[in-house]
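Numbering (my numbering), first residue to last: 108 to 190. Each residue gets a CB set at the ideal place from its N, CA and C atoms; glycine is no exception. Before any comments, here is the structure.
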């Protein structure tokens, strides 16, 4: 899996793909993590996109590498990272 290259751990949960960065400390949990889901983005003609648990669009579902890079930035331990 592409996420392993960046030492991120991922597993499926009932809410989506939970991605965890075990290399840094989290503010609310032991390590930064988020649940990533895929759903239609209405303002892009209903095309499939990856979204964070806060419903923030990450990347088009076809752009897996872009999504991984954005998720990596999101979980790098820096507060206030903007995607």
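Whole-angstrom C-beta distance between residue j and residue i, which should lie under 8 Å
i	j	result
residue 166	residue 157	5 Å
Best match in the options for proximity to residue i [C-alpha to C-alpha]
i	options	result
residue 123	176, 142 and 154	142
residue 130	168, 163, 111 and 160	111
residue 114	161, 169 and 138	138
residue 184	120, 128, 117 and 145	128
Buried versus exposed, by CB contacts within 10 Å (16 or more), residue i
i	result
residue 171	exposed
residue 140	buried
residue 174	buried
Cα-Cα separation between residue i and residue j, rounded to whole angstroms
i	j	result
residue 155	residue 132	31 Å
residue 182	residue 116	11 Å
residue 149	residue 169	16 Å
Contact test: residue i Cβ vs the ligand GDP heavy atom, cutoff 6 Å
i	result
residue 177	This structure lacks the ligand GDP; in fact it carries no ligand of any kind.
Same chain only: Cβ atoms within 7 Å of residue i, ignoring 5 sequence neighbours per side
i	result
residue 160	141 and 142
Same chain, Cβ closer than 8 Å to residue i, five either side skipped, listed in chain order
i	result
residue 119	125
residue 153	147
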